[in-house]
Amino acid sequence: MVRPAARDGRRSQPDGSAPGGGGGGVMELREALEARASCRKFRAEPVPVEDLREMVRAAGLAPSPGNTQPWRFVAVLGAEAIEPLGRAVRQRLAAALPDPADERAARARARAEWLATFFTEAPAVIAVVHQPRRTAFDDLLEGQRDERAEAFREIDRAQPALQAIGAAIENLLLAATAMRYGACWLTAPLVARAQLEDQLDIREPERLVALVAVGRPVALDAEHRARRPLDEIFTVRY
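Take a look at the structure:
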């Protein structure tokens, strides 16, 4: 069961009291896995910081290369703080997208703009930051340029740090779902990455890699889109 954490990171008692109250208590993990869906319409109800702390605590339990934990999370709360982020994205899109040639193109453009900026309708947004950290392989291969070292560079090409951050975000989404929140993982706003980083005081070598919108959902059940059949995505080799 996903249970709230105290401020010092310890889990609460089995009754699941404290953060995530909103009715119904917390979900079992399997229930949260099945219930999780991207939520894009939120109620205006504020999200308590303690609930966000629990979501990020769950995110921090994700595996990472050499336990480097290459992530940092910044919570942005309330319309006054969130709207400037959306404004930066809208301005960047306006400069980057061509003028629509017809009504169909205009609809497509409006849809793209909404998908990149609906996070402004959420009462809380979590910025996910890649915090580069050295691994044992980095130390081993530093300065090496021969053919043997090149083989190990395939590890870098798989972007293990970003894979780990993806796992952390999924943990965050599951924790939010278990606490009866709606959430959505966004990368479309990164069209204005530089502007968002400036507003959020993110400096190199750190890099903004995603936003997660969080809030109580307008609908009790978020829309679940069809998933590819298991036989299409799973094979067994003997």
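The sequence shown begins at 0 in numbering that gives the first Met the number 0 and counts up by one. Where is the CB? At the ideal position from N, CA and C, for every residue including glycine.
Between residue 191 and residue 88, the beta carbon gap of about 5 Å places them in contact (Cβ cut-off 8 Å). Distance from the CA of residue 65 to the CA of residue 205, rounded to the nearest whole angstrom, comes to 19 Å.
In the structure shown, the three-state DSSP call for residue 173 is helix. In the DSSP assignment, residue 214 falls within the beta strand (DSSP E) that extends over 206-214. Under the three-state reduction of DSSP, residue 233 is assigned to coil, being neither helix nor strand. For residue 72, the enclosing beta strand (DSSP E) has its first and last residue at 70-76. Spatial neighbours of residue 31 in its own chain (CB-CB distance under 7 Å, excluding positions within 5 residues in sequence) are listed in chain order as 1, 173, 176 and 177. By the C-beta density criterion, residue 53 is buried, having at least 16 other C-beta atoms within 10 angstroms.
Between the alpha carbons of residue 112 and residue 94 lies a distance of about 12 Å. Collapsing the DSSP output to three states places residue 46 in coil.
Linking residue 171 to residue 48 through their CA atoms gives a straight-line distance of about 14 Å. If one requires a minimum length of 4 residues, the alpha helix (DSSP H) runs lying completely within the region 142-166 are 146-156, in chain order. Looking at 140, 55 and 230, the one whose alpha-carbon comes closest to that of residue 153 is 140. Under the 8 Å Cβ criterion, the region 26-40 does not count as touching the region 70-83, having fewer than three qualifying pairs. Contact check for residue 123 against residue 213 passes: the beta carbons are separated by less than 8 Å. Under DSSP, the beta-bridge partners assigned to residue 126 are 73 and 210. When 136, 199 and 50 are compared, the shortest CA-CA separation from residue 84 is found for 199. Around the beta-carbon of residue 188, 16 or more other beta-carbon atoms lie within 10 Å, marking it buried.
Counting of Cβ neighbours within 10 angstroms places residue 211 among the buried residues, the total reaching 16 or more. Selection 63, 114 and 76 evaluated against residue 185 yields 114 as nearest (Cα-Cα).
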